[in-house]
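Undergrad: Attaching a single structure in structure tokens format; questions to follow.
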Amino acid sequence: MSEASPLAGFYKLAQTERQQKLAHYVDLSDDDLAVLEAGLLPEQAEVMIENVVGRYVLPLGVATNFLINGREVIVPMVVEEPSVVAGASYAAKVVRAGGGFQTSSSDPVMIGQIQVLDLTDLDEAVAKLKTAELDLLERASQADPMIQKLGGGATGIEYRPLPETPAGPMLIVHLLYDCRDAMGANVVNTAVETLAPRIEQITGGRVNLRILSNLADRRIARAECLVPVEQLARGGLPGNEVARSIFEAWAFAAADPYRAATHNKGVMNGIDAVAIATGNDWRAIEAGAHTYAARNGRSTSLTEWSLVTENSTPTHLRGILEMPMAVGTVGGATKAHPIARVSMKILGQPKATTLAEIMVAVGLAQNLAAIWALATEGIQRGHMRLHARQIALSAGAQGPQVQKIANQLVTEGKINLERARELVTGSRE
Ligand code: MEV
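According to the working numbering, the residues represented by the sequence shown are 10 to 438, in order.
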């Protein structure tokens with residue numbers, strides 16, 4: 010059994026105490042703590058997008074208990090939904106009891122697409138491009154000398170002839186590009202735009218689109234965990250029965266796209282929250298995830314759960330999540346958003362592949378938390394407990410009164426605004 014998380018009991022502390030404890034553990038400075046308070050400044054927002062009229066604030070929480078490849082990881086998460094941070098932390102705790110998450114990842118290779126039309130013979134165009142590949146790769150790599158210097162750059166070219174499309178035949182040229190610590194949208198888009206005129210020259214065709222693909226299936230991250238079944242006991246049900254129910258819940262998602270969509274939404278609850286906290290493009294990750302889930306023609310579960318048995322009795326629940334993870338740790342909002350910079354510090358300044366691995370570990374934990382709850386007591390009980398706090402806040406409760414009124418709502422089993430208002434008014438009288 011692994012040791013308890015250094016932030017055990019974190020949720021019981023007041024917000025300022027949490028900040029102090031976190032600062033002590035991950036070495037945040039007073040300036041970092043000031044950033045957590047101030048968030049994005051108006052002048053920073055002004056240069057981030059257009060027509061800025063304000064700033065939208067969401068809570069930043071940290072998930073605890075994550076042991077990833079033997080390393081303690083405190084995970085910053087930005088999300089508006091109650092239960093997500095608590096769910097990830099809780100699932101990470103039982104995974105910890107089985108030794109934590111084991112993760113790995115491919116090289117950070119993205120795909121850029123070039124659409125070539127008006128070709129009389131697709132095979133002939135491919136043959137011509139093949140003879141010019143070295144030159145094309147060299148030109149593409151020069152699109153970003155810095156990435157090339159760091160060991161990245163163009164790594165290959167692939168061809169996808171599409172003989173029948175609504176617009177007639179076309180050849181899609183894929184440029185594979187190792188983006189190192191960049192997410193890669195800028196570098197890959199620059200590279201494919203650079204190559205386009207040369208590709209027209211070589212093939213005699215006409216290039217239309219030149220753009221990165223969000224189906225980043227060459228940039229894969231993988232997380233695996235092994236949970237001792239006794240850790241899963243809940244609500245009077247023994248761990249081995251719960252493990253079986255979790256396995257059945259997964260089988261449902263594996264077989265049914267309607268369930269897979271919701272199951273994978275649960276995975277993405279965790280992944281998106283880390284993507285936002287670190288300033289990454291969560292729409293890109295979402296797009297890649299759902300297309301990857303449907304890569305064999307039907308949407309299925311991104312995760313895989315199985316039972317490890319001894320004499321037909323489950324001893325462990327094994328979970329695996331393997332999916333595209335196009336995230337960067339340099340450039341974009343990762344550096345421009347002040348909270349994203351602090352998040353990277355909380356994570357221990359990981360490189361992009363490490364961040365990708367942390368994110369799949371969080372996705373796997375989040376999925377376990379969801380299907381574990383669904384396969385036992387249902388999600389409403391825990392969810393409503395946290396939801397009660399939001400109701401209390403909406404009813405005008407302040408400070409310690411929020412938790413007190415939330416507890417009262419739960420005890421009475423009346424988690425609604427009307428009752429919360431009565432309690433708030435009552436407590437002021
Ligand atoms: C809610 O945000 C996510 C869940 O619906 C995921 C799932 O059903 O597995 C609980």
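Heads up, the beta-carbon is just placed ideally off N, CA and C, and yes, glycines get one too.
Report yes if the C-beta distance between R219 and A205 is below 9 Å; otherwise report no.
TA: In the sequence shown, counting from the first residue as 1, residue 219 sits at position 210. In the sequence shown, counting from the first residue as 1, residue 205 sits at position 196. A contact, by the Cβ cut-off of 9 Å.
Undergrad: With distance defined between alpha-carbon atoms, name the residue in G162, N217, G213, R169 nearest to G193.
TA: Translated into positions along the sequence shown, residue 193 becomes position 184. Nearest of G162, N217, G213, R169 to G193, Cα basis: G162.
Undergrad: At a cut-off of 8 Å, would you count K274 as near the ligand MEV, judging by its Cβ distance to the nearest heavy atom?
TA: Walking along the sequence shown from the start, residue 274 turns up at place 265. At least one heavy atom of the ligand MEV is nearer than 8 Å to the Cβ of K274, so yes.
Undergrad: Given a threshold of 16 other Cβ atoms within 10 Å of its Cβ, counted over all protein chains shown, does Q375 qualify as buried or as exposed?
TA: Taking the sequence shown and counting its residues from 1, one reaches residue 375 at position 366. Classification for Q375: buried.
Undergrad: For I380, verify whether its CB is less than 8 Å away from any heavy atom of the ligand MEV.
TA: On the sequence shown, residue 380 is found 371 positions in, with the first residue counted as 1. Yes, since a heavy atom of the ligand MEV falls inside the 8 Å radius drawn around the Cβ of I380.
Undergrad: With a 10 Å radius around its C-beta and 16 neighbouring C-beta atoms as the bar for buried, classify A298 as buried or exposed.
TA: As a position in the sequence shown, residue 298 is number 289, starting the count at 1. Looking at its Cβ environment, which holds 16 or more other Cβ atoms inside 10 Å, A298 is buried.
Undergrad: Pair every Cβ in the stretch 391-406 with every Cβ in the stretch 88-104, then say whether three or more of these pairs are closer than 8 Å.
TA: These segments touch.
Undergrad: Ends of the beta strand (DSSP E) at P170?
TA: Along the sequence shown, one-based indexing puts residue 170 at 161. P170 -> beta strand (DSSP E) spans 162-171.
Undergrad: If you compare alpha carbons, which of A232, A23, L50, I120 is closest to F110?
TA: Position 101 of the sequence shown holds residue 110. Nearest C-alpha to F110: A232.
Undergrad: Identify, in the order they occur along the chain, each residue of the same chain with its Cβ nearer than 7 Å to the Cβ of G275, setting aside the five sequence neighbours on each side.
TA: Indexing the sequence shown from 1 puts residue 275 at position 266. For G275, where only same-chain residues beyond five positions count, the Cβ hits under 7 Å are Q375, N376, A379.
Undergrad: Quick one: Cα of A152 to Cα of A349, how far?
TA: To locate residue 152, count along the sequence shown from 1; it is residue 143. To locate residue 349, count along the sequence shown from 1; it is residue 340. Roughly 27 Å between the two C-alpha positions.
Undergrad: By DSSP, does S403 sit in helix, in strand, or in coil?
TA: The residue you call residue 403 lines up with position 394 of the sequence shown. Helix, per DSSP.
Undergrad: Quick check: is the beta carbon of V196 nearer than 9 Å to any beta carbon in chain B?
TA: No chain B appears in the structure shown, which is made up of a single protein chain.
Undergrad: For N223, count neighbouring C-beta atoms within 10 Å of its own C-beta (all shown protein chains included) and say buried if the count is 16 or more, exposed if not.
TA: Against the sequence shown, residue 223 aligns to sequence position 214. When all chains shown are included, N223 counts as buried.
Undergrad: Which of the three DSSP states is assigned to M368 in this structure?
TA: Against the sequence shown, residue 368 aligns to sequence position 359. If DSSP states are grouped into helix, strand and coil, M368 belongs with the helices.
Undergrad: Using a Cβ-Cβ cut-off of 8 Å (strictly less than) and excluding sequence neighbours within five positions of A284, which residues of its own chain qualify?
TA: The count along the sequence shown starts at 1 and reaches residue 284 at position 275. So the list reads D290, W291, I294, V336, M368, once near-sequence residues are dropped.
Undergrad: What did DSSP end up calling G70 once you bin it into helix, strand or coil?
TA: Residue 70 sits at position 61 when you count from the first residue of the sequence shown. In this structure, G70 counts as strand in the three-state DSSP scheme.
Undergrad: Quick one: any contact between the stretch 97-113 and the stretch 168-175, if contact means 3 or more CB pairs under 8 Å?
TA: Not touching, per the Cβ criterion.
Undergrad: Between the C-alpha atoms of E257 and Q29, what's the straight-line distance to the nearest angstrom?
TA: The residue given as residue 257 occupies position 248 in the sequence shown. The residue given as residue 29 occupies position 20 in the sequence shown. One C-alpha to the other measures close to 42 Å.
Undergrad: Cβ-heavy atom distance between T271 and the ligand MEV below 8 Å?
TA: Indexing the sequence shown from 1 puts residue 271 at position 262. Within the cutoff, so yes.
Undergrad: Counting only runs of 3+ residues fully inside the stretch 76-156, write out the beta strand (DSSP E) ranges in chain order.
TA: Within the stretch 76-156, the complete beta strand (DSSP E) runs of at least 3 residues are 80-87, 111-114, 118-126.
Undergrad: Report, in whole angstroms, the separation of the C-beta atoms of L326 and T312, which I expect to be a contact under 8 Å.
TA: If you number the sequence shown from 1, residue 326 lands on position 317. If you number the sequence shown from 1, residue 312 lands on position 303. With a Cβ gap of about 11 Å, L326 and T312 do not count as contacting.
Undergrad: I'd like to confirm the pairing. Which residues does DSSP put opposite A191 in its beta bridges?
TA: In the sequence shown, counting from the first residue as 1, residue 191 sits at position 182. BP columns for A191 point to V339.
Undergrad: What do you reckon, are the CB atoms on L138 and I181 nearer than 9 Å?
TA: In the sequence shown, counting from the first residue as 1, residue 138 sits at position 129. In the sequence shown, counting from the first residue as 1, residue 181 sits at position 172. No, Cβ-Cβ distance for L138 and I181 is not below 9 Å.
Undergrad: Check for me: the beta strand (DSSP E) holding H325 runs from which residue to which?
TA: Taking the sequence shown and counting its residues from 1, one reaches residue 325 at position 316. Start and end: 322-333.
Undergrad: Please report how far the alpha carbon of T338 lies from the alpha carbon of N416, in whole angstroms.
TA: Your numbering for residue 338 matches position 329 in the sequence shown. Your numbering for residue 416 matches position 407 in the sequence shown. Between T338 and N416, the C-alpha separation is close to 40 Å.
Undergrad: Considering T318, what are the terminal residues of the beta strand (DSSP E) in which it resides?
TA: The residue given as residue 318 occupies position 309 in the sequence shown. Run containing T318: 312-319, per the beta strand (DSSP E) assignment.
Undergrad: Is the beta carbon of G288 sitting closer than 9 Å to the one on A342?
TA: In the sequence shown, counting from the first residue as 1, residue 288 sits at position 279. In the sequence shown, counting from the first residue as 1, residue 342 sits at position 333. It is a contact, given that the beta carbons lie within the stated cut-off.
Undergrad: Looking at N289 and the ligand MEV, is the gap between the Cβ and the nearest heavy atom below 8 Å?
TA: Taking the first residue of the sequence shown as position 1, residue 289 is located at position 280. No, since every heavy atom of the ligand MEV falls outside the 8 Å radius drawn around the Cβ of N289.
Undergrad: Hey, is E90 close to the ligand MEV, as in C-beta under 8 Å from one of its heavy atoms?
TA: Numbered from its first residue, the sequence shown carries residue 90 at position 81. E90 Cβ: within cutoff of the ligand MEV.
Undergrad: Closest by CA to I211, which one among L145, Q24, A270, R80?
TA: Translated into positions along the sequence shown, residue 211 becomes position 202. When only C-alpha atoms are compared, the closest one is L145.
Undergrad: Tell me where the beta strand (DSSP E) around N217 begins and ends.
TA: Taking the sequence shown and counting its residues from 1, one reaches residue 217 at position 208. Segment 215-222, the beta strand (DSSP E) holding N217.
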